[in-house]
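All remarks here apply to the structure that follows.
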Amino acid sequence: MSRHIIPLGSRRALRPELSGGKAATLARLAKLGYAVPPGFVILASLFEDLTQRCVPEGLRNVVDLEPDALEALHQKLLECPVSGTELQQMRRAYQRFGGRVAVRSSYVGEDGSKDSYAGQLESVLGINCENDFV
Numbered sequence: 016m017s018r019h020i021i022p023l024g025s026r027r028a029l030r031p032e033l034s035g036g037k038a039a040t041l042a043r044l045a046k047l048g049y050a051v052p053p054g055f056v057i058l059a060s061l062f063e064d065l066t067q068r069c070v071p072e073g074l075r076n077v078v079d080l081e082p083d084a085l086e087a088l089h090q091k092l093l094e095c096p097v098s099g100t101e102l103q104q105m106r107r108a109y110q111r112f113g114g115r116v117a118v119r120s121s122y123v124g125e126d127g128s129k130d131s132y133a134g135q136l137e138s139v140l141g142i143n144c145e146n147d148f149v
């Protein structure tokens with residue numbers, strides 16, 4: 016699809032360091048023949064590119080940030096324009112499925128042996144590309 020967006024059924028999606036643990040697990044289940052709805056993964060590389068473009072260097076290390084600074088980082092990312100090419104690639108990936116989709120916010124290192132981010136990320140159901148998505 017693109018360098019930031021990969022199909023859930025691709026080999027790259029099987030790699031948790033690229034797609035995150037949940038997407039990699041879904042990709043493995045699909046490969047084993049389980050009924051997994053088709054989907055795509057927006058890789059962390061897009062987030063990293065947005066961070067480089069729009070976030071001041073002092074806000075980039077989220078480990079050391081206080082809650083107010085985390086909120087400022089969040090706002091900077093929400094305000095960061097996604098390129099026309101990136102938007103087009105996301106829309107194309109979405110249009111392969113049509114109808115409404117579920118969007119799962121995740122991150123590559125969540126729920127590891129040292130950290131857990133349970134309840135801090137978001138899932139949104141019923142997203143319609145033409146009205147809600149990007």
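With the working numbering, letter number 17 in the sequence shown gets 32, and the count goes up by one each step, no holes. Even for Gly, the Cβ is constructed at its ideal location relative to N, Cα and C. Only a predicted model underlies this, so the values are computations on that prediction, with no experimental measurement involved.
Judged by DSSP secondary structure, A117 falls within the beta strand (DSSP E) whose first and last residues are 116 to 119.
Looking at the DSSP output, V139 shares a beta bridge with V118.
In the structure shown, P82 falls within a helical segment according to DSSP collapsed to helix, strand and coil. The region 54 to 64 makes contact with the region 17 to 34, as at least three CB pairs between them are under 8 Å. Residue burial annotation: Y109 is buried, with at least 16 other C-beta atoms found within 10 angstroms of its C-beta. With at least 16 other beta carbons inside 10 angstroms of its own, A38 counts as buried.
For F62, there is no enclosing beta strand (DSSP E); the enclosing alpha helix (DSSP H) covers residues 59 to 69. DSSP places P31 in no beta strand (DSSP E) but in the uninterrupted alpha helix (DSSP H) bounded by 31 to 34. According to the DSSP secondary-structure assignment, P22 is paired through a beta bridge with F55. Counting of Cβ neighbours within 10 angstroms places L88 among the buried residues, the total reaching 16 or more. Just so you know, the alpha carbons of S17 and P96 end up roughly 18 Å apart.
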